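Report on the following structure.
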Amino acid sequence: MTGWRPGGKRADTASMLRVDQAGEYGATRIYAGQLAVLRRNCPEAKLIARMAAQEQRHLDRFDTLMARRRVRPTALQPLWNVAGFALGAATALMSEKAALACTDAVETEIDKHYSGQLAELGDEDPELAADIAEFRAEELEHRDTARAAGATRAAGYPLLTAAIRAGCRVAIALSKRI
Ligand SMILES: [Fe+2]
Ligand SMILES: [Fe+2]
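Structure below.
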């Protein structure tokens, strides 16, 4: 098998796929919550709709891989459905800039998460690694788009993003296990 060395530790790719699919699912729910609240034609809504379409593509790809590899989804999916939508709606209700700060915070954690997975995978599972690398680049683009559109000017940006980032880290830790 590629990358496996006797005595070497193999990456738990089923768990990786589970948490990644949960994250992309959560992202689609966050953006759905934001788009439900934001005025349809404001510039932020247009940016968010474009990013949401990419999240849907990420999710579809992980759904396909999970089905093919017979990996079960996280049991916490119903929680991420509600929590993701609530986070999106709540930040959009604060302001358009707060909605962008949410993207900034989430994508910052996702970048760290995907980078860590790529390091852990090394040359194991090139199929999964290629998807993660591609999606990571798009998540970084989302983060930069949000910042360029004024995310850092949201009221309470440091506290807001710190709280959302902490929430993401909890969600990631739980989705790996449950
Ligand atoms: Fe994504
Ligand atoms: Fe994203």
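To convert, count from 1 in the sequence shown and add 1; that's my numbering.
Quick reminder that beta carbons are idealized off the backbone N, C-alpha and C, glycines included.
Here the structure is a predicted model, which means the values were calculated and not measured.
Pairwise C-alpha distance: residue j and residue i
{"i": "A102", "j": "S176", "result": "23 Å"}
{"i": "M52", "j": "H143", "result": "7 Å"}
{"i": "D21", "j": "R69", "result": "15 Å"}
{"i": "P44", "j": "E56", "result": "19 Å"}
{"i": "N82", "j": "R11", "result": "31 Å"}
{"i": "L129", "j": "L66", "result": "8 Å"}
{"i": "C169", "j": "L88", "result": "11 Å"}
{"i": "A84", "j": "A156", "result": "22 Å"}
{"i": "A50", "j": "E125", "result": "34 Å"}
{"i": "D105", "j": "T75", "result": "25 Å"}
{"i": "A158", "j": "A99", "result": "One point to set straight first is that residue 158 is Tyr, not Ala, in the sequence displayed. So the two alpha carbons sit approximately 8 Å from each other."}
{"i": "I179", "j": "E25", "result": "16 Å"}
{"i": "A149", "j": "E121", "result": "31 Å"}
{"i": "F86", "j": "L39", "result": "13 Å"}
{"i": "L80", "j": "V171", "result": "13 Å"}
{"i": "G123", "j": "N42", "result": "43 Å"}
{"i": "D13", "j": "E97", "result": "39 Å"}
8 Å contact criterion, which residue i and residue j should meet: CB distance rounded
{"i": "A134", "j": "L119", "result": "6 Å"}
{"i": "L48", "j": "T146", "result": "6 Å"}
{"i": "V72", "j": "A15", "result": "5 Å"}
{"i": "L36", "j": "A46", "result": "6 Å"}
Kindly provide the chain-ordered list of residues whose Cβ lies closer than 6 Å to any non-hydrogen atom of ligand 1.
In chain order, the qualifying residues are E25, A28, E56, H59, F136, E140.
At a cut of 8 Å, does the stretch 161-170 reach the stretch 109-118 through at least three beta carbon pairs?
By the Cβ test, the stretch 161-170 is in contact with the stretch 109-118, since at least three Cβ pairs between them sit closer than 8 Å.
Using 8 Å as the Cβ pair cut-off and three pairs as the minimum, do the stretch 114-125 and the stretch 52-68 touch?
With a cut-off of 8 Å on Cβ pairs, the stretch 114-125 is not in contact with the stretch 52-68, counting fewer than three such pairs.
Taking 8 Å as the cut-off, does the stretch 28-35 touch the stretch 85-100 (at least 3 CB pairs, one atom from each stretch)?
Of all C-beta pairs linking the stretch 85-100 to the stretch 28-35, three or more are shorter than 8 Å, placing the two stretches in contact.
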